[in-house]
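J.: My questions all concern the structure below.
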Amino acid sequence: MPKVTNQKFNPNFSKALDIESLISAPLVAVSKANVVMAQGQTRFLLEYCFKKNGDGYEPILIQMALTKPVIDRGKVAVKAIAASAPGVIPVVEAVEAAPAVPQSIQLVTTHFSLPLLTIVPMNSLVVDKVTIDFDMEITSVASKPSNGTNESGNKITDRKAQLYGKVSDSGSNSNRDSKNQSKISNKVKININAATLPLPAGVLTIIDLYTKSIQAVPTENKQELFNN
Amino acid sequence: MITQSQNIPCPVCNTGIPFDIKQLMMGVHFACPNCAASVGLAPESKELVEETIEKLEAVKGRISA
Chain D
1 MPKVTNQKFN
11 PNFSKALDIE
21 SLISAPLVAV
31 SKANVVMAQG
41 QTRFLLEYCF
51 KKNGDGYEPI
61 LIQMALTKPV
71 IDRGKVAVKA
81 IAASAPGVIP
91 VVEAVEAAPA
101 VPQSIQLVTT
111 HFSLPLLTIV
121 PMNSLVVDKV
131 TIDFDMEITS
141 VASKPSNGTN
151 ESGNKITDRK
161 AQLYGKVSDS
171 GSNSNRDSKN
181 QSKISNKVKI
191 NINAATLPLP
201 AGVLTIIDLY
211 TKSIQAVPTE
221 NKQELFNN
Chain L
1 MITQSQNIPC
11 PVCNTGIPFD
21 IKQLMMGVHF
31 ACPNCAASVG
41 LAPESKELVE
51 ETIEKLEAVK
61 GRISA
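In the order they appear, the protein sequences are chains D and L.
Per the UniProt record's numbering, numbering of the first sequence is gapless, rising by one per residue and ending at 228.
Per the UniProt record's numbering, numbering of the second sequence is gapless, rising by one per residue and ending at 65.
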């Protein structure tokens with residue numbers, strides 16, 4: 001087994017890059033991390049939430065319990081038997097009664113199947129928020145010609161500014177401040193905030209499809225549903 | 001306390017029932033905010049859900065490592 005030793009990371013901050021590349025680099029890294037997580041998410045879904053059935057996949061189902069109070073018109077909850085002597089607690093027992101007897105409320109538990117996929121918190125497998133702060137020192141400013149046309153179709157040539165810079169060590173600010181005040185104007189503070197997007201529409205559609213499948217269908221509509 | 005914004009549609013009235021997966025695994029039943037129905041995990045599926053959530057945590061751990 002090869003021996004792995006910690007290598008010292010010495011980033012080269014001296015090389016100047018254009019400002020677009022410097023700002024986009026952390027966001028590209030986050031995006032790539034999200035791709036890795038999306039792949040892991042897909043693999044997880046196929047591996048643990050579906051089982052292979054021939055050429056296709058079918059969802060793994062779990063059993064859920066639905067409890068609901070219902071009014072039972074055919075039974076009575078209790079029937080009291082009168083006490084024979086004063087001070088004796090009357091005995092109460094549940095019995096079957098004739099349909100004309102008053103109603104009772106009973107808790108009915110129904111079991112139904114639900115795809116496992118619908119209760120797994122998949123959203124947690126993405127980078128939800130990124131905050132990147134760094135100082136950038138502008139090393140050079142260039143301009144390049146940019147051609148375009150205005151509303152009347154005349155050609156316009158103007159020059160666009162291009163900034164080049166490098167990541168600056170914020171700790172060196174105080175030293176430089178005392179030596180040369182003009183250096184402060186070369187620095188810009190970059191603050192990048194990025195937030196996550198919801199699950200892809202395809203995955204949401206699959207989850208929605210399966211969650212809707214638990215809705216009860218009245219028997220008279222059942223045949224229509226299959227005919228369609 | 002429900003910490004996750006996960007919902008399951010009520011099989012009776014189709015209103016979203018907010019639930020937390022950890023509490024669901026512990027046997028908590030979640031009541032529909034619209035009707036009197038409550039939904040919980042059946043005991044026979046508890047093991048399967050627990051295993052899957054453990055595997056999900058392991059995948060998350062591998063990715064963040």
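Glycine residues also receive a C-beta, built at the ideal position from the N, C-alpha and C atoms.
#1: Between the stretch 124–141 of chain D and the stretch 16–30 of chain D, do three or more beta carbon pairs fall short of 8 Å?
#2: Chain L partners of D:F112, CB-CB under 7 Å?
#3: Using a Cβ cut-off of 8 Å, pull out every chain L residue sitting near D:I138, in sequence order please.
#4: Check distances from the C-beta atoms of the stretch 34–51 of chain D to those of chain L and list, in chain order, the residues that come in under 9 Å.
#5: Going by C-alpha distance, which of L:V59, L:F30, L:C32 and L:A36 is nearest D:F44?
#6: Check each candidate in D:T67, D:V70 and D:G40 and name the one with the smallest Cα separation from L:E57.
#7: Using a 10 Å radius around the Cβ and a threshold of 16 neighbouring Cβ atoms, would you call D:M1 buried or exposed?
#8: Going by Cα to Cα distance, which pick from D:K15, D:L27, D:M64 and D:A161 is closest to L:G27?
#9: Spatial neighbours of L:A42 within its chain, please: C-beta separation below 8 Å, excluding the five flanking residues on both sides.
#10: Taking only three categories from DSSP, how would you classify D:I184?
#11: Can you tell me the Cα-Cα spacing of L:I21 and L:N7, whole angstroms?
#12: Based on Cα-Cα distance, which residue from D:I119, D:G54, D:T110 and D:L17 lies nearest to L:A17?
T.: On the basis of the supplied data:
#1: yes
#2: Within the first sequence, residue 112 of chain D is the residue found at index 112, counting from 1. Near D:F112 (Cβ distances below 7 Å), the residues of chain L are P11.
#3: Residue numbering aside, residue 138 of chain D sits at position 138 when the first sequence is read from its first letter. Per Cβ cutoff of 8 Å: no residues; D:I138 is ~35 Å from chain L at best.
#4: V36, M37, G40, Q41, R43, F44, E47, Y48 and C49
#5: Taking the first residue of the first sequence as position 1, residue 44 of chain D is located at position 44. Cα-wise, what sits closest to D:F44 is L:V59.
#6: Along the second sequence, one-based indexing puts residue 57 of chain L at 57. Closest by alpha carbon: D:G40.
#7: Translated into positions along the first sequence, residue 1 of chain D becomes position 1. Confidence at D:M1 is low in this model, with a pLDDT of 45, below 50, so its placement is unreliable and no value can be given for it.
#8: Locating residue 27 of chain L in the second sequence gives position 27, where the first residue counts as 1. Nearest of D:K15, D:L27, D:M64 and D:A161 to L:G27, Cα basis: D:M64.
#9: For the purposes of this step, residue 42 of chain L is taken as the residue at position 42 of the second sequence. None.
#10: The count along the first sequence starts at 1 and reaches residue 184 of chain D at position 184. Low confidence applies to D:I184: its pLDDT is 49, below 50, so where it sits in the model is not reliable enough to give any reading.
#11: Within the second sequence, residue 21 of chain L is the residue found at index 21, counting from 1. Within the second sequence, residue 7 of chain L is the residue found at index 7, counting from 1. One C-alpha to the other measures close to 10 Å.
#12: Within the second sequence, the letter at position 17 stands for residue 17 of chain L. Checking the sequence shown, residue 17 of chain L turns out to be Ile, not Ala. The shortest Cα separation from L:I17 among D:I119, D:G54, D:T110 and D:L17 belongs to D:I119.
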